[in-house]
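Worksheet: one structure, shown below.
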Amino acid sequence: TQLLEQSPQFLSIQEGENLTVYCNSSSVFSSLQWYRQEPGEGPVLLVTVVTGGEVKKLKRLTFQFGDARKDSSLHITAAQPGDTGLYLCAGPVFSGGYNKLIFGAGTRLAVHP
Amino acid sequence: NAGVTQTPKFRILKIGQSMTLQCTQDMNHNYMYWYRQDPGMGLKLIYYSVGAGITDKGEVPNGYNVSRSTTEDFPLRLELAAPSQTSVYFCASSYGTGGSGYTFGSGTRLTVV
């Protein structure tokens, strides 16, 4: 069974601090996706990483896919209260003839002014 | 653009009651999914559909049923509600499978008492 483990589970920081959250697996994934979910809403796709070692930047967010395609990280520079939310990583698993996404349990981030 | 629309937003059911969670998308996506989200557990796939008339079970299908008579609509049916079905339910759609990002609805919070 392929699993995605995210750490830390919770993170509470002050505005302006930097942080990194992790998504790890013992299995190889063809790609990994990162989503952000705000209270009372569904997850929203932030980025998809496809190539081992790939780095993608989205303003103050930097996403990296591990060389072996078993892990990914999300680094936020100078966090702002608007970054508060649940960060989920997801990867495709092939079964029943189709790829479906499995999700990690998420990292819940709180950024305080 | 409406994207993925879920109704109702909230619902309280008594044990043994039935209900249908509605989901509709206006992006002409062939692939649609139902997930449930429990605290600390991430998103678990209940059922998915790869097109009108084609559905299949996901990881946690027991106690649920689905149908897909049109491309736009993918309702989820709970026949005999149980407390274990208390959760937040998300419908999602995608253009392709696996590596394609999912568009999620805003969820239905269901409590079974």
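In order, the protein sequence lines correspond to chains A and B.
Its first residue numbered 1, the first sequence is counted upward by one per residue in the working numbering.
Its first residue numbered 1001, the second sequence is counted upward by one per residue in the working numbering.
Quick reminder that beta carbons are idealized off the backbone N, C-alpha and C, glycines included.
Using beta-carbon positions only, say whether B:Thr1108 and B:Tyr1095 come within less than 7 Å of one another. no
Residue(s) in a DSSP beta bridge with B:Leu1013: B:Val1112
Grouping DSSP H, G and I as helix and E and B as strand, with all else coil, what is B:Ser1084? helix
Inter-residue spacing [alpha-carbon to alpha-carbon] between A:Gln6 and A:Arg108: 10 Å
Would you identify the three-state DSSP class for A:Pro81, choosing helix, strand or coil? helix
Please work out which residues of its chain come closer than 6 Å, Cβ to Cβ, to A:Gly53, disregarding the five sequence neighbours upstream and downstream, and give them in chain order. Asp67
Could you tell me whether the Cβ of A:Gly42 comes closer than 7 Å to any Cβ of chain B? yes
For A:Val93, which of helix, strand or coil comes out of DSSP? strand
Euclidean distance between Cα positions of B:Val1004 and B:Asp1026: 7 Å
Mind listing the chain A neighbours of B:Thr1097? Cutoff is C-beta to C-beta under 8 Å, in chain order. Pro92, Tyr98, Asn99 and Lys100
Mind pulling the chain B residues with CB within less than 7 Å of A:Ala105? Gly1040, Met1041 and Gly1042
Measuring straight from C-alpha to C-alpha, what distance separates A:Pro39 and B:Val1113? 23 Å
Are the C-beta of B:Leu1045 and some C-beta of chain A separated by less than 7 Å? yes
For A:Ser31 and B:Ser1069, I'd like the C-alpha separation in whole angstroms. 31 Å
Within chain B, the residues that A:Leu58 reaches when beta carbons sit closer than 7 Å: Within 7 Å Cβ-Cβ: nothing; A:Leu58 doesn't reach chain B, min ~13 Å.
Please report how far the alpha carbon of B:Pro1083 lies from the alpha carbon of A:Val55, in whole angstroms. 43 Å
By the 8 Å beta-carbon criterion, what residues does the region 1070 to 1087 of chain B contribute toward chain A? none
Output yes if chain B places a C-beta closer than 7 Å to the C-beta of A:Leu45; else output no. yes
Taking the C-alpha atoms as reference points, what is the distance between A:Ser25 and A:Leu3? 6 Å
Could you give the first and the last residue of the continuous beta strand (DSSP E) run that contains B:Met1019? Met1019 to Gln1025
Given 8 Å as the limit, is there contact between the region 13 to 27 of chain A and the region 63 to 78 of chain A, that is, 3 or more CB pairs closer than that? yes
According to DSSP, which residues form a beta bridge with A:Asn99? A:Phe94
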